[in-house]
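In short: position in the sequence shown from 1, add 6, done, that's our numbering.
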Amino acid sequence: MAQERTAGRHPTLVEELRFHACTCLDPAVTVGAAGDDEVDYPAFWERVVGCAGWLTDHGVRPGDYVALEMDTTTSVMVASVAVPACGAVLVPLGASRGLRNGAQDTLRTLAALRVTRARWYLAGDDPAERQVAIRAAGLRVDVLGLAGCPTGAAGHDEEAVGTRPDPDRPALVQFSSGSLAAPRGIVLTHGNLAANLHALTRRVRFTAGRTVCWLPFTHDMGLIGSLWGSLYGGSAFRGLTPGSFIRHPLRWIEELSAFRATHTSAPPFAYAMAARSARRTSASDRLTGVDLSALRVAIIGAERVVPGLCARFEETFAAQGLPRHVLLPAYGLAENCVAVACRTPLIPSAVGLFAADALEHGRLVRTAPGPAARELIGHGTPLPGTEVRIISPDGQELPAGQVGEIRIRGMSVARRVILPDGTMHPTAQEDGLVPTGDLGALYDGELYVIGRSKEVVKYAGRLLAPADIEQAVLDAAPEELGAAAAVAVPREEETEDLVLFLELAGGRQAADEDRLTRIARLTVLREFRIPVSEVFIARRGALPRTTSGKVKRLSLGAACLTGTLPPSVRLSAAAP
7 MAQERTAGRH
17 PTLVEELRFH
27 ACTCLDPAVT
37 VGAAGDDEVD
47 YPAFWERVVG
57 CAGWLTDHGV
67 RPGDYVALEM
77 DTTTSVMVAS
87 VAVPACGAVL
97 VPLGASRGLR
107 NGAQDTLRTL
117 AALRVTRARW
127 YLAGDDPAER
137 QVAIRAAGLR
147 VDVLGLAGCP
157 TGAAGHDEEA
167 VGTRPDPDRP
177 ALVQFSSGSL
187 AAPRGIVLTH
197 GNLAANLHAL
207 TRRVRFTAGR
217 TVCWLPFTHD
227 MGLIGSLWGS
237 LYGGSAFRGL
247 TPGSFIRHPL
257 RWIEELSAFR
267 ATHTSAPPFA
277 YAMAARSARR
287 TSASDRLTGV
297 DLSALRVAII
307 GAERVVPGLC
317 ARFEETFAAQ
327 GLPRHVLLPA
337 YGLAENCVAV
347 ACRTPLIPSA
357 VGLFAADALE
367 HGRLVRTAPG
377 PAARELIGHG
387 TPLPGTEVRI
397 ISPDGQELPA
407 GQVGEIRIRG
417 MSVARRVILP
427 DGTMHPTAQE
437 DGLVPTGDLG
447 ALYDGELYVI
457 GRSKEVVKYA
467 GRLLAPADIE
477 QAVLDAAPEE
487 LGAAAAVAVP
497 REEETEDLVL
507 FLELAGGRQA
517 ADEDRLTRIA
527 RLTVLREFRI
537 PVSEVFIARR
547 GALPRTTSGK
557 VKRLSLGAAC
567 LTGTLPPSVR
577 LSAAAP
């Protein structure tokens with residue numbers, strides 16, 4: 007049966023989903039949210055057709071921009087496909103408990119509606135309240151409540167509502183995870199999405215799999231890489247709310263076992279949190295009976311992957327039957343839908359030791375183990391159809407082993423971006439390549455990701471990746487620190503100070519904080535030969551994060567300069 011449902015026969019996700027609905031008759035292959043309706047493919051497709059018809063009946067027309075509150079519910083999963091199915095353009099928004107005046111979620115929502123000139127807003131609840139708040143902001147947007155959407159075809163015919171969209175037409179506006187008051191929307195066509203989903207499905211073998219994901223559907227890895235990737239491949243899918251993971255990281259692990267999941271994905275911090283939770287004595291009962299032997303693909307991405315984390319996660323859950331080499335380092339960004347490069351399942355990752363001095367001066371040079379070595383992990387080869395080039399600051403292509411900006415082009419690359427003022431601009435430069443803002447290098451065919459160019463720490467002519475500094479600090483106190491952020495703060499022209507933010511793993515005393523501050527300073531000085539200017543202590547969960555959970559280093563740096571850090575983040579009193 008899996009052979010008959012091979013993905014990639016159709017030019018759009020919508021048509022591929024329709025194909026799987028007609029051929030996948032296994033009632034165990036379900037789609038939905040945990041604790042909500044989980045329906046098989048024929049029933050899911052009927053709901054998509056019914057929702058698309060309902061939208062059309064209410065006046066939604068091809069080309070309309072339709073905002074959708076992306077709660078983790080089955081009805082939202084249906085609507086996420088129904089909007090592009092009827093020719094409209096999906097604008098994913100963070101799920102809101104109400105458009106409260108001045109709240110960050112509200113500012114983000116209103117800014118997204120404004121820059122996309124959205125015509126419609128689909129609310130999970132309280133549509134009247136949303137309508138009042140949106141009109142009060144001076145926006146002409148009509149709000150519809152998803153509760154009124156039918157749970158079947160409801161007499162609608164798929165031909166009548168138009169479920170064969172034009173591959174060249176926009177399907178989705180994906181906002182970068184860090185955008186807030188000035189969002190930047192990536193316009194992705196049906197063709198972009200199909201090209202990336204086809205390549206990703208082939209690489210990670212989504213076809214006929216079983217996926218569990220807790221990531222928010224506002225994030226490209228959650229919506230495109232997990233939900234839509236599963237639908238494109240004809241896989242079963244179960245969604246968990248992001249809050250369920252944050253409150254209890256082992257809930258994710260338990261659900262992988264219960265669903266017999268073959269696929270999952272998350273940023274590095276999530277794997278670290280799950281492993282740390284599992285190592286606690288109190289977690290032993292929760293892991294009794296957990297079986298991870300079905301898992302084949304655990305994509306780890308959204309930021310640079312630290313090699314030791316993959317090994318620690320697999321060692322931690324080996325007793326639960328987790329196969330080796332399950333974690334797949336991947337690299338991607340919204341401008342390429344979701345995925346640029348990825349490892350192949352169940353093959354050992356390419357982990358290399360490189361000379362620290364050479365790396366700090368922009369070169370990858372293999373070296374022997376020792377204190378002067380830096381360990382990097384390959385993020386796989388570029389996906390078929392995506393071309394990766396490494397470019398120097400003066401615009402020249404660099405040879406293998408040289409560090410520069412990662413730039414891309416191909417069928418998955420978005421052609422246009424909506425800037426904060428609402429104007430459309432091309433994503434590519436004159437050479438046809440799209441800048442990513444990330445530093446990396448190609449070595450033996452693998453893509454090695456160094457970090458964000460804007461976040462790199464510059465000291466005495468050297469370039470240091472914040473992720474390396476952060477991991478060294480976390481390794482020095484793994485049970486006491488929940489997160490760390492290494493931020494370069496400009497103090498004078500052409501000089502930067504290194505500032506560390508330490509987020510505690512739980513309730514700690516002042517004496518513990520002083521000790522942690524000293525450990526962090528000494529670790530960075532010993533490992534990287536760079537002094538730490540200031541150390542800030544944050545309570546658990548206090549550091550600002552993107553929707554995918556990444557700490558916002560640039561926001562912390564700006565707040566440090568302006569003195570606007572939140573009260574829960576304070577300067578350490580420990581002496582240098």
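Note that beta-carbon positions come from the ideal geometry of N, C-alpha and C, so glycine has one too.
| Query | Result |
| --- | --- |
| Outcome for Ala-205 when other beta-carbon atoms lying within 10 angstroms are tallied against a minimum of 16 | buried |
| Sub-8 angstroms separation of Leu-233 and Gly-215 beta-carbons | no |
| Whole-angstrom distance between Cys-155 and Val-84, CA atom to CA atom | 10 angstroms |
| Unbroken stretches of the beta strand (DSSP E), 3 residues or longer, contained in the stretch 169-235 | 176-181, 191-195, 216-219 |
| Beta-carbon proximity list for Ala-40, same chain, < 6 angstroms, skipping 5 on both sides | Arg-244, Leu-246 |
| Whether Ala-88 touches Val-54 by CB criterion (8 angstroms) | yes |
| Segment contact, 8 angstroms Cβ cut-off, at least three pairs: the stretch 261-273 with the stretch 52-68 | no |
| Inter-residue spacing [alpha-carbon to alpha-carbon] between Ile-424 and Leu-571 | 30 angstroms |
| Close-in-space but distant-in-sequence residues of the same chain around Leu-328 (CB under 7 angstroms, 5 per side omitted) | Leu-298, Leu-301, Glu-320 |
| Proximity below 8 angstroms, CB of Val-147 to CB of Leu-119 | yes |
| Runs of alpha helix (DSSP H) lying entirely within the stretch 340-413, each at least 4 residues, in chain order | 362-366 |
| Proximal residues to Thr-80 (C-beta, below 6 angstroms), its chain only, five neighbours per side dropped | Gly-38, Ala-39, Asp-42, Asp-43 |
| Helix, strand or coil at Val-147 according to DSSP, with G and I counted as helix | coil |
| Sequence-distant residues of the same chain with beta carbon closer than 7 angstroms to Arg-209, five excluded per side | Cys-348, Thr-350, Leu-389 |
| Cβ contact check for the stretch 388-403 and the stretch 431-451: 3 or more pairs under 8 angstroms | yes |
| Inter-residue Cα distance where the pair is Thr-217 and Met-279 | 20 angstroms |
| Check whether Arg-257 and Ser-263 have beta carbons under 8 angstroms apart | no |
| Endpoints, beta strand (DSSP E) assigned at Ile-305 | 303-306 |
| Validate contact between the stretch 518-527 and the stretch 470-485 using beta carbons, cut 8 angstroms, 3 pairs | yes |
| Beta-carbon proximity of Asn-107 to Ser-418, cut-off 8 angstroms | no |
| CB of Thr-213 within 8 angstroms of CB of Gly-191, strictly | no |
| C-beta atoms of Leu-577 and Phe-542 nearer than 8 angstroms | yes |
| Continuous beta strand (DSSP E) stretch holding Met-279: start and end | Not the beta strand (DSSP E): Met-279 falls in the alpha helix (DSSP H), residues 274-285. |
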